[in-house]
Structures are given as C-alpha cells and as structure tokens.
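Per my numbering, the very first residue in the sequence shown carries number 1; after that it's consecutive.
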Amino acid sequence: MITINNLSVQFSGTFLFNNVSFVVENKDRIGLVGKNGAGKSTLLKILAGEMQPESGKVVKDKAQTIGYLPQEFVPSSSKNVMEEAMTAFADIKEMETALQALSNEISHRTDYTSKDYEALLHRHFELNEHLTTINAVNARGETEKILLGLGFLRSDFERRMNEFSSGWQMRVELAKILLRKPDIILLDEPTNHLDIVSIAWLEKFLCSYFGTVILVSHDRTFLDKITRRTVEITAGKIYDYKVSYSGYVELMQQRRAAQKALLTNQQREIAEIEKFIERFRYKATKAKQVQSRIKRIEKMELESIDEVDLSTIHFRFPPAPHSGKVVLEVKNLSKSYDKPVLQNINLVISKGEKVAFVGRNGEGKSTLSKIIVGDLQSDSGEMRLGYNVSVGYYAQNQSALLDPKLSVFETIDNIAVGEVRTRIRAILGSFLFDEDDIEKKVSVLSGGEKARLALAKLLLAPVNLLVLDEPTNHLDMDSKNILKQALIQYNGTLILVSHDRDFLNGLTESLYEFRDRGIHFFKGDVYDFLQMKDMADLHSLNLKAKEEQTETDLPISENLIAYRENREQNRQIRKIKSQIERTEHEIEKMETEIAAMDNVFNDEKEAKKISSDRNFFIDYQNLKSRISQAMEQWEKLQNELLQQQKIEID
C-alpha cells in the first residue's frame, strides 16, 4: 500500500499537483491519464523515489520493493543480453545472507512475546516469500522465458548490449524489472519500444502479476486490458475512477457535463441576485435584504470546470488520383544488411486495399516500406509500382528527418507547389499550429508537434498510395482517433506499419506478418490474428516442453531410476503373460481340431470317405507339428515368466 498525502509540485508557478491525496492498494491496476504535461511522469518519479515533492508525503512500507521503467534512459552496459538481464538476480545472495542472519537471530531470542521478536518473524517471512516468488533457483530459465516473451531470439542472448538499438536495450531493462518481481511496478509508456506480439505478451504477464501495477500509456487497448482503476491528473487535481480507460472516458464526460450544468445554474442565480441588489440598493426598506444577498454572493463558491485542452487536429486526405488495378507488385525480393532480413518476398496489393505490416521489430517491416517508396534498393528481385501510382510516405523517424533550422512555416513552404501554397496557413492551423507557432524553429518543437508537422506534409499533394510507418508515435489519443478516421475515409491504397491494435482495428482488412525473413498473409482483423498467434504459440510451447523433457540432462535420483526399472519389469511380465494367453488359446483351438479329426478316424463310414483324401492326412500332420511347436513356445514363455518374477522378488 502507498498513501499519498497532500502532495504538491509546481513548475514556473503552475501547480502540477496541489494538495493531492489518494491511496494505492495492494494488487491495484492503475492507469495514469491526462494531457501532455499534466504531471503523469512526474508522479511516477515521485512514487519511485527519484524525485521529491515540494510538499506533502508519500508513505510506503520500508519492505516494499519498486520497479520503475522511465520513458527514456541512457544505456551503458557492455555485457551481453543474458548477462545484463541476469543482473536482476544480483541481490539474491545478499537476501539469502540476510535470511540466514535473521534465522540465527530468531533461534537465539527468547523474548517470544515482544514486538521486536514479532518484527523479526515478519521480516523473515517476507524475505523468504520474496525469494520464493522470484524463483531464484531457476533464475536462468525465468530469464530466458521473459526475454523470449519480449521479442528476443535465443541467438540474441550472447550478443552484446551495445549491438542493439536503445529500444531493444530498454526491453532488457523491462525484463530485469519483471524478473525482480517487485511489489509495485511503475511503467512509463512501456509499449513505445515493443512490437504488437510483445505487447500482447506483456499484457498477459501484467494481468496475472501478483503485485501492484501503475502505468502511463497512450495505448487504449493496453490500458483497457490491464487497468481496473484510472487516475486522471488535470489542472493540479486528480479524479479517481474505479474503472478501466474506456469506462473512465464515459464517466469523465459525464462529470464535465455536470460541472458545466452546475456552473450555468450558479451564474443564472448570481445574475438574478445582482438584479435584485441593483434594483433595491437605494431603498431603505430593502436594505436588509440587499445586504443579505450581497453576503450570499460573497460566500458562494463557484463551480469550476476543469481546464481541458479541447483543441484537436482536424483534416482529411485529398481524394486519391486514379490508378491501375494493381498498385504494387513484389517478386522474389531479398535484402540483407549484416545478415539476411528479407528473402524471396512475393507480394501483390490491389487498388483500394488497406493492409497492415505487423511482426516483431527487426523483421523487415520498415525495410520493405523504404524499398516500396524508393528510399532503399533491394539486393535482388523486383519491386514495381502500378500504373499512375503516386506515393505518400511517413517514415518511422519522420520527426527526426525534419530540418531543425527551418521554421514550421518554412518546412511546408519549401516543398509546397501550385495552388496548395495559398493554403499553407490553413493546413498548419488544422494541425494546431497558430500564427505564433508557425514561426517557431523545428528544433524547439515537442515530439508531438514534430509528428503533427510531419503529418501535415502528407496533405501537400494528392497521392493514391500511402505508406505510413508507425504514424501514431508521439500522438495523443484524440489525435490518433482523428488520424484513424481520416484514413478510413481515404479512398486510396494504404500500407500501415503499426503496433497499436486499437488504431489498426477497423482500419485494415488484412495484414502481412513479417517473420523468419519472409512474410505471411492473414485475411482478417488484427484481433483475429492475435488470437491465431496465441494458438500457434501454445502449440510451439507444447512442442518445446516435449523436447526439453526428452533432452534434459539433469541428474536422475536413485529412487527415480528404481521406479523406472520396476515399471519396465512389470511391463515385461505383462507382455509375457499376454503371449502365454495367446499361445494357450491357439493350442486349445488346435487340440479341438485334432480331436475332431481323430473322431473321423474312429468312425468306419467317415474313415472310408477320407481314405483316398490325401490332403486330409497332410492337414492332420501339419496340425500335429504346429501344436508341438506351440507347446515348446508355451514352455519357453513359462520359463521366461518364472525368471522375470524371480528378478522382481529379488
């Protein structure tokens, strides 16, 4: 449990929090929401102990452990991936030593009823439980499991950390937190560095996590899947809702509507009172009533409507020019860097299709996107655009490609041509750049402002093929929804690289999964695809479990060896008994047949009939021979049975 009492933090005279109080319960699942700059990340830093409030207190149990993942950090490890992840267990030895010391102290104490003795027992129990929870005995196995879940391959385990991008190194930091299994996990935009499959895996992990989870995210589906409580930070205050994000949106709208209605009623009441005061201010007979109403206004606390930035981007893509039926065709395309990324890719996209590229990071989604738009050349194969196809491209690092020395206006003005030059200010206005903003240098813009400026560039000329690589990065939820609606209304062809499931849902009709240097077509929605992947992963997990069971090289106990030998002995005995039963049945059958033949010989009439039948006598002799062999086999089996039973008794 964490108790926040009268917390206050301000920057440049503006309060992020002003006497804020609330309680975080054990096993809470909390989503922190609010507009950019409201103080979500600041609150996480305070809860993590990395920042102190201006006033107020955060009360935590000293024994509580906290894992905190910031939005960004500077990686510096020279270890390989497995070694770095295993540092999560570096404090196990220290905890085991502390546990032994507590055990020794408890064994020598005699003050069994004292509070100090009770505290020792409590600490011993907590430490022992924590060691059990983090499964210290199977540390490497747990590490492998979590690294694989977060998208690493087994071949990555021995690679150095500095060989990976900062996003992949951030995944290792996340893995270390999950391996430590702290009482409280604090995550600030964890999905920024994950792909769609890894996000789904992380959701399942956090949903079943034993401790408390508090997170900040612009991924609506991620919030809805994990959180059961939403804390909104707005205008220095907080509003606490016992629902997930979607439920919060409805309740928040109802709250603000109620605030507005109450304020309207108060203003109407004040207007009526002021009218009365003005009318009878100078009448002695009404002086008492006038003074009473003046005091009433002075004591009245006006309802305040939370300060909310309701401005949002608003735009539509220009109508797509006519193109041929086949917009894009790829044949046997391959591309390598230090190692193969894409091999023998074949792909056809028709006019008007809206498809998604999904898969783990590093599987070639952005590489193929760059080849399609002409920013990169393939090593072999063919990529051909259809008749009259014009391409609009939003790169994953589009914001970084903007010239920091140019102003917002110059960024658009330098590439706009024709009639669109007369509408530059209107276009920028639709992306929330006012007259003052358009003179700002790109270098001083926030990540969200750069993303909006990069999107604005797509409106400068009509295109019939849009290739968008992670366009929702740095966009708030309102802006993402407006972009999604604009893409739904867009009548051209769309290729969309994204890990945002809520954004993809209802936007694309099919997808290509990038995996093992190839692509795999899936017809359907992103959630259908993820459901299919769960089934595939379960199948893979079962196969892997069988392999591990047969290939294990762990030492086998003597009891287990004896059990297996005894089980094999019993199996052999059952097998011999079964063979004896079958032999006895065959002997009995042949004896019946021989008895019937003997009866023929003993009957004079029947004997005369068969006297000239040579085959009858041959069959009789064969039967006699077979029964003799069967009797020998029966005796042999009886001896084997006696031998096996003797071994069992011994």
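Think of the CB as a built atom: it goes at the ideal place given N, C-alpha and C, for glycine as much as any other residue.
Taking Leu-148 as the reference, which of Thr-65, Thr-110 and Asn-361 has the closest Cα?
Asn-361
Short of 7 Å in beta carbon distance, which residues of its chain neighbour Ala-48, apart from the five on each side in sequence? Order them along the chain.
Ile-66, Tyr-68 and Leu-186
Would you kindly check if the distance between the Cβ of Val-231 and the Cβ of Phe-22 is under 8 Å?
yes
Own chain, CB closer than 8 Å to Lys-39, minus 5 neighbours either side, in chain order:
Per the sequence shown, the amino acid found at residue 39 is Gly instead of Lys. Around Gly-39: Val-9, Leu-16, Phe-17 and Ile-233.
Boundaries of the beta strand (DSSP E) in which Ser-350 is found, first to last residue:
340-350
Test item: CB-CB of Asp-28 and Thr-212 under 8 Å
yes
Report the option in Phe-431, Val-463, His-218 and Asp-525 whose CA atom is closest to the CA atom of Leu-507.
Asp-525
Going by other Cβ atoms of all chains shown within 10 Å of its Cβ, with 16 needed for buried, is Asp-375 buried or exposed?
exposed
Buried or exposed (CB count within 10 angstroms, at least 16 for buried), Asp-603
exposed
Beta-ladder partner(s) of Ser-8, from DSSP:
Ser-55
Using the C-alpha atoms, what's the distance from Asn-138 back to Leu-641?
45 Å
Rounded to a whole number of angstroms, what is the C-alpha to C-alpha distance between Ser-557 and Glu-513?
In this prediction, Ser-557 scores a pLDDT of 45, lower than 50, which makes its location untrustworthy; the coordinate-derived value is nonetheless stated afterwards. Their backbone Cα atoms lie some 46 Å apart in a straight line.
Would you mind reading off the limits of the beta strand (DSSP E) that contains Tyr-68?
66-69
Per DSSP, what kind of secondary structure is Thr-550 in: helix, strand or coil?
With a pLDDT of 48 at Thr-550, under the threshold of 50, the predicted position of this residue should be treated as unreliable, though the coordinate-derived value follows. Looking at Thr-550 - three-state DSSP - the assignment turns out to be helix.
Pull up the CB-CB distance for Val-463 and Ser-390, whole angstroms please, since I reckon it's below 8 Å.
5 Å
Report yes or no: do three or more beta-carbon pairs, one from the stretch 164-173 and one from the stretch 189-202, lie closer than 8 Å?
yes
Mapping DSSP to helix, strand and coil, what is Ala-456?
helix
State the Cα-Cα distance for the pair Asn-6 and Tyr-239, rounded to the nearest angstrom.
14 Å
In or out: Ile-618 buried (at least 16 other Cβ within 10 Å) or exposed?
exposed
Let me know the alpha helix (DSSP H) ranges lying completely inside the stretch 369-408, each 4 residues or longer, listed in chain order.
398-401
Touch check for the stretch 171-181 and the stretch 379-397: three-plus C-beta pairs under 8 Å?
no
Check whether the stretch 449-461 touches the stretch 387-406, counting contact only when three or more Cβ pairs, one atom from each stretch, lie closer than 8 Å.
yes
Rounded to whole angstroms, what's the CA-CA distance from Arg-160 to Glu-83? Just pull it up for me.
9 Å
So what's Asn-559 in DSSP terms, helix, strand or just coil?
Because the pLDDT at Asn-559 is just 48, under 50, the model does not fix this residue reliably, and the point stays unresolved.
Residue burial classification, Ile-519 (beta-carbon count within 10 angstroms, cutoff 16):
buried
Alpha carbon to alpha carbon, how far is Gly-492 from Arg-501?
22 Å
Arg-515, enclosing beta strand (DSSP E) - first and last residue:
510-515
Delimiting residues of the beta strand (DSSP E) encompassing Asn-18:
14-24
Distance, Gly-352 Cα to Gly-324 Cα
10 Å
For Ala-119, the nearest candidate out of Thr-132, Leu-102, His-108 and Glu-129 (CA to CA)
Leu-102
Is it buried or exposed, Asn-473, if we count other Cβ atoms within 10 angstroms and call 16 or more buried?
buried
Here's the rule: buried if 16 or more other CB atoms are within 10 angstroms of the residue's CB, otherwise exposed. What is His-314?
exposed
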